[in-house]
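Listed in order, the protein sequences are those of chains A and B.
Each residue of the first sequence is one higher than the one before, starting from 3 at the first, in the numbering used here.
Each residue of the second sequence is one higher than the one before, starting from 3 at the first, in the numbering used here.
Don't be surprised by glycine CBs; every beta carbon is placed ideally from N, CA and C.
Owing to the predicted nature of the structure, the values given are computational and were not obtained by experimental measurement.
For reference, the structure is listed below as structure tokens.
Number of protein chains: 2
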Amino acid sequence: MKARILIADDHEIMLDGIEALLAQNEDIEVVGKVSDACYCLSYLCTQKPDILITDYNMPGMTGLQLLKEVKQNHPAVKVLFLSMHDESNIVQDAVMAGADGYILKKYAAREIMRAITIIAEGGQYWSPEVSKALTRGMVKEEAEPDLTGREIEILKLLVRELTSKEIAETLFVSERTVETHRKNLLRKTNSKNTVGLVKYAYTSGIVVD
Amino acid sequence: MKARILIADDHEIMLDGIEALLAQNEDIEVVGKVSDACYCLSYLCTQKPDILITDYNMPGMTGLQLLKEVKQNHPAVKVLFLSMHDESNIVQDAVMAGADGYILKKYAAREIMRAITIIAEGGQYWSPEVSKALTRGMVKEEAEPDLTGREIEILKLLVRELTSKEIAETLFVSERTVETHRKNLLRKTNSKNTVGLVKYAYTSGIVVD
DNA sequence: GTAAAAATCCGTGAAAATACTGACGTGCAC
DNA sequence: GTGCACGTCAGTATTTTCACGGATTTTTAC
């Protein structure tokens, strides 16, 4: 009874690297490798993997969106995140949305096998840093960045170096509206100014980088 | 006569992935894997690899700095960059500093073998996108972001969400001076506003991400 | 059908960033 | 010994952002 694995990552070399690692274990079978979130979803419909290993930063769709899609349409599939980021807001979002595991890329080599074994048995696995980020978020009570669709939209335009005025013109709303959204973004992301918003956009995967 | 390869990347799984790929070719021998730029430099002194394959974003040192170190102290070592970025300024910096190859991570799986073969024979290899970025930079005559030390210093403080006033106080200079540097940064990085500077800081590897 | 969340809008005012133009000293290279 | 890059500083003006403290309407969820 092999664990059937689907791997998603936009860098093909990561796909091969992960596959090479997993090949060492006979109880694991890689049934597919995809480098695109949309293709990943369609793949889930035809094949029925037990576990999806996916990068958190995917082109076209954030890892979080992908996770939500998977959990909604294929609740039986376990999801293990691979990510460079250990910011508590990102990790927390992933956990809240039902991820089964989250490991940092820099430790992936030594942790991925254990993570898959545990997840295949119905458990969960978090890298030490990730656990720390989780508790940090809990304790500080600071992890709320639940941005609305409109806020994300505005953040994306902001990152494209548009001023509030230009964003307002683009979205056909008042300048005031944009300013209100920015005000809320500053509060939610705990930023001092625009710089913080751009940093958040980068580290949270809202921009593809 | 095998080609001796040293691999540097801060994500161990990438090291394993690359090694697994290279293992397919008998003419290639991986003599070391390091996940830190400093350790990489010391390794170069003891072992004598023919080719160094390195990530462009390394903790503690940018790929560019590492390249310059290598070319200065170990001119015989060829350097092949692996990177997520194809911005013309980054690519151009790498080429100018003497890189022997530059491939994008998303194509690494299919290109790395060819790149190494070519480089081992004394040639150079660039991913198609990289070549495009190079010519784009040439044609547009826009690729100059040669930031001075002071400008980088200010950019780093800027990314920490400090205002010009606060930066001025930190560096014990006039607010005007900081504004001048920012103005020059905007021009050099071809940015419209602060947002562009933060983006540049992220994509160029000035901040560690 | 009601409560909560999200999106829209407004005024005032201060702070910060950007645009423009110009200048001065220092050190280094050719 | 003369450019030239670099870092330093100034004045003036405008635009943009941010901080207050509201408000209304639309959408969503139960």
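Apart from the 5 residues on each side of it in sequence, Gly19 (chain A) has no Cβ closer than 8 angstroms to any other Cβ in its chain. At a cut-off of 4 residues, the continuous stretches assigned as alpha helix (DSSP H) that sit fully inside the region 88-142 of chain A are 90-98, 110-122, 130-142. Put simply, of B:Gly65, B:Asn27, B:Thr48, B:Leu23 the residue whose alpha carbon is nearest the alpha carbon of Ala10 (chain B) is B:Gly65.
For the 9 angstroms CB-CB criterion, Ser37 (chain B) and Glu163 (chain A) do not form a contact. Contact annotation for Thr196 (chain B) against chain A: Thr196, Val197 [CB-CB distance below 7 angstroms, chain order].
At a cut-off of 9 angstroms between beta-carbon atoms, Gly103 (chain B) makes no contact with chain A.
The beta-carbon separation of Ile156 (chain A) and His183 (chain A), rounded to 5 angstroms, stays under the 8 angstroms limit for a contact. Glu21 (chain B) sits in a helix when the DSSP states are folded into three classes. With distances taken between CA atoms, Met3 (chain B) lies nearest to B:Glu31 out of B:Glu31, B:Leu24, B:Glu168. Under the Cβ distance rule, Ser166 (chain A) does not count among the residues neighbouring chain B, no pair being separated by less than 9 angstroms. If you draw a straight line from the Cα of His87 (chain A) to the Cα of Leu106 (chain A), it is about 7 angstroms long. Ranked by Cα distance from Leu24 (chain B), the first of B:Ile114, B:Val197, B:Leu187, B:Gln126 is B:Ile114.
At a cut-off of 9 angstroms, the C-beta of Ser37 (chain B) has a neighbouring C-beta in chain A. The shortest C-alpha to C-alpha distance from Ala101 (chain B) to any of B:Leu160, B:Thr150, B:Val72 is the one to B:Val72.
Gln126 (chain A) is positioned such that its CB atom lies closer than 9 angstroms to that of Gly103 (chain A). In the structure shown, the three-state DSSP call for Ser166 (chain A) is helix.
Using a Cβ-Cβ cut-off of 9 angstroms, Ser129 (chain A) is close to nothing in chain B; its nearest Cβ partner there is about 12 angstroms away.
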